[in-house]
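Chains A and B are the protein sequences, given in the same order.
Under the numbering used here, the first residue of the first sequence carries the number 124, and numbering increases by one thereafter.
Under the numbering used here, the first residue of the second sequence carries the number 58, and numbering increases by one thereafter.
Written below as structure tokens is the structure these notes are about.
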Amino acid sequence: MSGCSGVGVPGASATAAGARTPTGGAAASTLDGVRRKGYVHCGVSTGVAGFSATDARGNWRGLDVDVCRAIAAAVLGDASKVRYTPLTAAQRFTALQSGEIDVLSRNTTITFQRDVQLGIEFPAANWYDGTGFIVHKALGVKAVEELDGATICLIPGTTNQLDVTDYFRKHHLAFTPVVIERLDEATSAFFAGRCDAFAQDRSNLASVRARAPIPDAEVILPQVISKAPYGPGVMPNDVRWMEIVRWSVFAMIDAEELGLSSRTIDRALASDDPNLQRFLGTTGGFGAMLGVDSGWAYRIVKQVGSYGESFDRNLRPLGLDRGVNRLWSDGGILYAPDLR
Amino acid sequence: MRALAWQAGAVALVLALLVVLVVQTAANLRLRGLASGFGFLGRATGFEISASPLAYSPRDSYARALAVGLLNTVRVALLAIVLATALGLVLGIARLSRVRIVATLARAYVEVVRNTPLLLQLLFWYSLSQALPGPRDALRPLPGVFLCIRGLHLPGLAWHGGTRWLVAAAGALAIVVGLLRGISRRQRDRAGRALPTARLAAGAAAVLLVGAIAAGHPAVTLDRPALMRFGFEGGMSLTPEFAALLIGLSTNTAAFIGEIVRGGILAVDRGQTEAAAALGMSRARVLRLVVLPQALRVALPPTTTQYLNLTKNSSLAVAIGYPDLMSIADTTLNQTGQAVEVIALVMTVYLALSLVIALLMSAAEP
Numbered sequence: 124m125s126g127c128s129g130v131g132v133p134g135a136s137a138t139a140a141g142a143r144t145p146t147g148g149a150a151a152s153t154l155d156g157v158r159r160k161g162y163v164h165c166g167v168s169t170g171v172a173g174f175s176a177t178d179a180r181g182n183w184r185g186l187d188v189d190v191c192r193a194i195a196a197a198v199l200g201d202a203s204k205v206r207y208t209p210l211t212a213a214q215r216f217t218a219l220q221s222g223e224i225d226v227l228s229r230n231t232t233i234t235f236q237r238d239v240q241l242g243i244e245f246p247a248a249n250w251y252d253g254t255g256f257i258v259h260k261a262l263g264v265k266a267v268e269e270l271d272g273a274t275i276c277l278i279p280g281t282t283n284q285l286d287v288t289d290y291f292r293k294h295h296l297a298f299t300p301v302v303i304e305r306l307d308e309a310t311s312a313f314f315a316g317r318c319d320a321f322a323q324d325r326s327n328l329a330s331v332r333a334r335a336p337i338p339d340a341e342v343i344l345p346q347v348i349s350k351a352p353y354g355p356g357v358m359p360n361d362v363r364w365m366e367i368v369r370w371s372v373f374a375m376i377d378a379e380e381l382g383l384s385s386r387t388i389d390r391a392l393a394s395d396d397p398n399l400q401r402f403l404g405t406t407g408g409f410g411a412m413l414g415v416d417s418g419w420a421y422r423i424v425k426q427v428g429s430y431g432e433s434f435d436r437n438l439r440p441l442g443l444d445r446g447v448n449r450l451w452s453d454g455g456i457l458y459a460p461d462l463r
Numbered sequence: 058m059r060a061l062a063w064q065a066g067a068v069a070l071v072l073a074l075l076v077v078l079v080v081q082t083a084a085n086l087r088l089r090g091l092a093s094g095f096g097f098l099g100r101a102t103g104f105e106i107s108a109s110p111l112a113y114s115p116r117d118s119y120a121r122a123l124a125v126g127l128l129n130t131v132r133v134a135l136l137a138i139v140l141a142t143a144l145g146l147v148l149g150i151a152r153l154s155r156v157r158i159v160a161t162l163a164r165a166y167v168e169v170v171r172n173t174p175l176l177l178q179l180l181f182w183y184s185l186s187q188a189l190p191g192p193r194d195a196l197r198p199l200p201g202v203f204l205c206i207r208g209l210h211l212p213g214l215a216w217h218g219g220t221r222w223l224v225a226a227a228g229a230l231a232i233v234v235g236l237l238r239g240i241s242r243r244q245r246d247r248a249g250r251a252l253p254t255a256r257l258a259a260g261a262a263a264v265l266l267v268g269a270i271a272a273g274h275p276a277v278t279l280d281r282p283a284l285m286r287f288g289f290e291g292g293m294s295l296t297p298e299f300a301a302l303l304i305g306l307s308t309n310t311a312a313f314i315g316e317i318v319r320g321g322i323l324a325v326d327r328g329q330t331e332a333a334a335a336l337g338m339s340r341a342r343v344l345r346l347v348v349l350p351q352a353l354r355v356a357l358p359p360t361t362t363q364y365l366n367l368t369k370n371s372s373l374a375v376a377i378g379y380p381d382l383m384s385i386a387d388t389t390l391n392q393t394g395q396a397v398e399v400i401a402l403v404m405t406v407y408l409a410l411s412l413v414i415a416l417l418m419s420a421a422e423p
């Protein structure tokens, strides 16, 4: 049990918070552990393009990877101080529960059971997705309902597996599952024709299709049969750490709304907009309340970028539409509280 | 007396360590706010399983899903044990063949299979199946038989008559077999030659079945696989996942059993072979009646170890998507998050399976 109450000290001056322990001074705080280790230990996927995958030089890149980097920038001052551990869907929660990783940032759907029964906390959602299907074009399937009797490739333990089962039961349709643990093996089984369809979160489907021998021979169905909000996960016994993860995600979203980007943020330092001043840490003392220093949000934007930049860098090249993941002010549902 | 004290001490130490482990794990789980216990076994799974010997639906409990996985494991392990033993026997004999090329081929097989990882072999067999054509261009090795990437589809027999007819047919067959055995015994006493009882009984069963189908009896129909929109439906089918696992496990274990058989044959005294040959027995009969029965005594204990290995190795099925115990347990673990409980359960089940096999094998030892 942690003694953290999660309440900051009002009116505390914006001193460098390095020496100051958060309220309560819990015996084994994740933040202290991270500072001692000198890196944030982040659990990522075994390779999902756009979210967490290694590039040609072996560097991890993606929307979820940027969450890890934002946390490192806020806490350690350097976005590159992250250690990545690739995890399969089946390994991810155990790795978090056992304390092997500090944060799980791995296209993980937030569900009641994972939150309440598994005891994992999801401080924020950073992507809104849902289960969709990719099918071989030659079958002429236009809608999910036409997949009655089809063989469907699935990854075990995913919400997709449950969504597909639920949807087919609800519509009194039959299907045969082929359940293969590793994404790349399941993908190649689908391309080889072992399955008629492959069910995945819709954002994955674009990268699955991009890897097809003939991408034009595969078609992504327009239907999305479920809601799947992704978010980083942490353990519930350290409220302060949960807040750091939450506000690292919020800072990226707020930065986009404030019109900040990694290229323009230095110009904003001279601004007299009170919103910007609080964000940049020149006023307000929010960094100290969080247990970090005042430049935490500035560094996130400077080193990692705003949410929009992260999307443009990682997901836009895959040909993915931003859809509902636009800012609320642009007609989407991304909505982060202000630093206030 | 001193040895006894040492043994008691060792047992006490192991037990103490076990208690510490359990207490510590429980404390850690509580610390992390994780609910423990086996209550999840009664909850509905909500996922589908591709191949199930039991009636199963996503409404059924995790306990039932795990039972399905266990039956799938037992099914593939039993079949693979039979195939591996048969192939191993042939390999062991072939390695001792006087025909150079046969011995060399057998040796090459053993070395290749023994010295590459089983997981790689399983993926190899599975990827071979992936190279087969799609359902629309399925190969037709025999009329009514289709081979494609979805598996092997055979005509099957569909039974609509309920269990009463099945029991009656089995009873009738048992009576026929009994009569045949009586006749066979009398025949042997009189003419010195027994009747091929098994073959006659199988023939009788086949005649009964074909007769029933030919007569258009509604209880038995021939169910042919038919090409529908998404591949074949109806008939019997063998999935590529099952086939790859079965072939991989049996060809792999056969290499080890082959070496055990070779060792067993070499352990039989040469004098036995020579004496049998002096009686004018053919080489095949010497092997079958003199050498192999004695070789078996030596070969049986290490073969048991191979059977145990095979059964445990079947858990690699998770890599190629066959719904065995490990695969279902993996999904269960992931959907419920009860890692400690699921792993403990799976370990206990594999332990029990291994003990049963060891027990059966030790009963078979002469």
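Ideal placement from N, C-alpha and C gives every residue a C-beta, glycine not left out.
It should be emphasised that the depicted structure is a prediction, and the values quoted were computed from it without experimental measurement.
| query | result |
| --- | --- |
| Buried or exposed, going by whether 16 or more other CB atoms sit within 10 Å of the CB of Ala-149 of chain A? | Model confidence at Ala-149 of chain A stands at a pLDDT of 43, short of 50, so the residue's coordinates are unreliable and nothing is read from them. |
| Using a Cβ-Cβ cut-off of 8 Å, state whether Gly-272 of chain A counts as contacting chain B. | yes |
| Beta-carbon separation of Leu-227 of chain A and Gly-166 of chain A under 8 Å? | yes |
| Round the Cβ separation of Pro-352 of chain A and Ala-248 of chain A to the nearest angstrom and send it over; I've been treating them as touching at under 8 Å. | 4 Å |
| Identify which residue in B:Arg-319, B:Thr-405 and B:Ala-300 has its Cα closest to the Cα of Ala-374 of chain B. | B:Ala-300 |
| Considering just the uninterrupted stretch of the beta strand (DSSP E) at Arg-206 of chain A, what are its terminal residues? | 205-209 |
| Would Val-198 of chain A and Ile-456 of chain A qualify as a contact pair, given that the criterion is a beta-carbon distance under 8 Å? | no |
| Starting from Gln-284 of chain A, find everything on chain B with Cβ-Cβ shorter than 7 Å and list it in chain order. | Phe-104 |
| Would you call Thr-362 of chain B buried or exposed, if buried means 16 or more other Cβ atoms sit within 10 Å of its Cβ? | exposed |
| Whose C-alpha, out of A:Arg-206, A:Ala-261, A:Gln-346 and A:Ala-193, is nearest the C-alpha of Asn-182 of chain A? | A:Arg-206 |
| Can you grab the Cα-Cα spacing for the pair Arg-155 of chain B / Arg-340 of chain B, in whole Å? | 12 Å |
| 8 Å is my cut-off, CB to CB: does Thr-153 of chain A come that close to chain B? | no |
| Give me the Cα-Cα distance between Gly-378 of chain B and Val-125 of chain B, rounded to the nearest whole angstrom. | 15 Å |
| Output needed for Asn-121 of chain A: all residues of its chain with C-beta closer than 7 Å, excluding positions within five of it in sequence on either side, in chain order. | In the structure as shown, chain A starts at 124 and stops at 463, and residue 121 of chain A therefore has no counterpart that could be examined. |
| Classify Phe-181 of chain B as buried or exposed, calling it buried when 16 or more other Cβ atoms lie within 10 Å of its own Cβ. | exposed |
| So which residues of chain A does Asp-387 of chain B contact, with C-beta pairs closer than 8 Å? | Ala-213, Pro-279, Gly-280 and Glu-304 |
| Taking the CB atoms as reference points, tell me whether Phe-373 of chain A and Ala-459 of chain A lie closer together than 8 Å. | yes |
| Where does the unbroken alpha helix (DSSP H) through Pro-358 of chain B begin, and where does it stop? | 349-370 |
| Let me see if you follow: with CB-CB separation under 8 Å, is Ala-149 of chain A close to chain B or not? | Here Ala-149 of chain A scores only 43 on pLDDT, less than 50, and its place in the model should not be relied on; the value that follows carries that caveat. Chain B, which has no Cβ nearer than 8 Å to the Cβ of Ala-149 of chain A, makes this no. |
| Quick one: using the 10 Å Cβ neighbour count with 16 as the cut-off for buried, is Asn-309 of chain B buried or exposed? | buried |
| For His-295 of chain A, is the classification buried or exposed, using 16 other Cβ atoms within 10 angstroms of its Cβ as the cut-off for buried? | exposed |
| By DSSP, does Thr-405 of chain A sit in helix, in strand, or in coil? | coil |
| In chain order, what residues of the same chain have a beta carbon less than 6 Å from the beta carbon of Arg-184 of chain A, not counting five sequence neighbours either side? | Asp-178 |
| List, in chain order, every chain B residue whose beta-carbon is nearer than 9 Å to that of Ala-351 of chain A. | Within chain B, no residue comes near Ala-351 of chain A; the closest Cβ sits about 15 Å away, beyond 9 Å. |
| Under 8 Å Cβ-Cβ, which residues of chain A neighbour Met-58 of chain B? | Per Cβ cutoff of 8 Å: no residues; Met-58 of chain B is ~45 Å from chain A at best. |
| Who are Asp-252 of chain A's beta bridge partners in DSSP? | A:Ala-351 |
| Which residues in the same chain have their Cβ closer than 7 Å to the Cβ of Ile-447 of chain A, if we skip the five residues on either side of it in sequence? | Residue 447 of chain A is actually Val in this sequence, not Ile. Once the five neighbours on either side are set aside, the close Cβ partners of Val-447 of chain A are Tyr-251, Gly-455 and Ile-456. |
| Can you list, in chain order, the stretches of the alpha helix (DSSP H) that have 4 or more residues and sit fully within the stretch 186-244 of chain A? | 186-199 and 215-220 |
| Run through the DSSP bridge pairs and tell me what Ser-175 of chain A is partnered with. | A:Val-171 |
| Taking Cβ positions, are Arg-422 of chain A and Ala-196 of chain A nearer each other than 8 Å? | yes |
| Anyone know if the C-beta pair for Leu-176 of chain B and Ala-376 of chain B falls short of 8 Å? | yes |
| Return yes when the Cβ of Ile-150 of chain B is within less than 8 Å of the Cβ of Val-318 of chain B, no when it is not. | yes |
| Would you please verify whether the beta carbon of Gln-240 of chain A is less than 8 Å from any beta carbon of chain B? | yes |
| Within 8 Å of any Cβ in chain B, is that where the Cβ of Arg-292 of chain A sits? | yes |
| Helix, strand or coil: which one does DSSP assign to Gln-346 of chain A? | coil |
| Taking Leu-443 of chain A as the reference, which of A:Asn-327, A:Glu-268 and A:Arg-463 has the closest Cα? | A:Asn-327 |
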